[in-house]
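Its first residue numbered 1, the sequence shown is counted upward by one per residue in full-length UniProt numbering.
Note that CB positions come from ideal geometry on N, CA and C, so glycine has one too.
These notes are about the structure you will find just below.
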Amino acid sequence: MTLLHVAAEEGAAKIIRFSLNSLKGHENVLKSLLEATATNYKETALHLAAARGSLDVVQCLVEHDADVNVKSDYGKTVLHWAALDNLDVVQWLVEHDADVNVKSDYGKTVLLLAAQDNKWNVVQWLVEHDADVNVKSDYGKTVLLLAAQDDKWDVVQWLVEHDADVNVKSDYGKTVLHWAALGNLDVVRWLVKHGVDVNIKSDCGKTVPLLAAQDNKWDVVQWLVEHGANVNVKSNDGKTVLHHTAHYQNRYN
């Protein structure tokens with residue numbers, strides 16, 4: 001770790017500006033200093049400043065030609081580091097040519113990373129600035145599926161209105177409707193109105209009505225059936241909605 005790393009980590013913008021200005025005319029030294037990485041995760045000073053949320057330090061480093069798309073260990077860019085807590089840094093970096101759709105070595109874009117960390121304000125801003133709303137993680141999840149898993153139904157609706165695919169499946173074949181059916185009839189209605197397939201199956205053959213029936217969400221089952229869901233579709237274990245209905249009636253009658 002260099003003194004520049006330490007200053008960046010502390011947010012010492014004045015010290016950094018003075019140090020970098022003093023190297024004018026020594027471009028090779030300046031370049032080496034800006035590209036130097038710390039030992040743990042191969043972070044440059046710019047990575048550390050972005051993670052800390054020190055916008056003035058980020059600006060100073062970039063003004064002296066630090067690469068906004070430089071990667072640390074695991075393929076994370078400066079934008080990945082900023083996305084976990086610092087919207088103002090994210091905004092400035094994107095406005096200065098940071099790539100919003102670059103993936104880390106684990107297949108995560110900045111958008112996916114922000115969604116996984118529940119930074120929905122960052123997610124919404126990125127989508128409005130050309131981040132791919134339908135990109136999938138290595139586990140097959142889009143930002144829409146992550147929002148549904150987290151019960152962020154206002155975010156789900158916003159994402160659908162911004163071109164998120166309502167019928168996209170995770171690696172296990174679940175859609176946003178599968179999650180909604182476990183407890184939110186209003187969202188189910190809204191999703192169906194916006195083009196979700198009521199008969200779509202998960203990888204184990206479960207339709208949304210089947211999943212809702214298993215969880216005793218009979219208001220959801222009834223509404224879906226009234227709006228075109230097929231009650232005779234069998235899951236991979238041969239069960240239909242009617243099997244679960246009979247089981248429920250035998251148990252409570």
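Proximity below 9 Å, CB of residue i to CB of residue j
{"i": "Asn167", "j": "Cys204", "result": "no"}
{"i": "Asn101", "j": "Thr109", "result": "yes"}
{"i": "Leu145", "j": "Ser104", "result": "no"}
{"i": "Leu182", "j": "Lys217", "result": "yes"}
{"i": "Leu111", "j": "Val156", "result": "no"}
{"i": "Asp99", "j": "Asn134", "result": "no"}
{"i": "Val233", "j": "Leu211", "result": "no"}
{"i": "Leu79", "j": "Ala50", "result": "yes"}
{"i": "Trp81", "j": "His47", "result": "yes"}
{"i": "Asp88", "j": "Leu61", "result": "no"}
Buried versus exposed, by CB contacts within 10 Å (16 or more), residue i
{"i": "Leu242", "result": "exposed"}
{"i": "Glu43", "result": "buried"}
{"i": "Trp125", "result": "buried"}
{"i": "His162", "result": "exposed"}
{"i": "Asn230", "result": "exposed"}
{"i": "Lys206", "result": "buried"}
{"i": "His227", "result": "exposed"}
N-terminal and C-terminal residue of the alpha helix (DSSP H) that residue i is part of
{"i": "Glu95", "result": "Leu87 to Glu95"}
{"i": "Asn121", "result": "Trp120 to Glu128"}
{"i": "Glu226", "result": "Trp218 to Glu226"}
{"i": "Val187", "result": "Leu185 to Lys193"}
{"i": "Val58", "result": "Leu55 to Glu63"}
{"i": "Ala213", "result": "Val208 to Gln214"}
{"i": "His80", "result": "Val78 to Ala82"}
Residue i (DSSP reduced to helix, strand or coil)
{"i": "Lys152", "result": "coil"}
{"i": "Lys108", "result": "coil"}
{"i": "Lys71", "result": "strand"}
{"i": "His162", "result": "coil"}
Closer than 8 Å: residue i CB and nearest the ligand ADP heavy atom
{"i": "Gly75", "result": "Within the structure as shown, the ligand ADP is missing, as the structure has no ligands at all."}
Rounded Cβ spacing between residue i and residue j (contact assumed at less than 8 Å)
{"i": "Ala83", "j": "Ala114", "result": "4 Å"}
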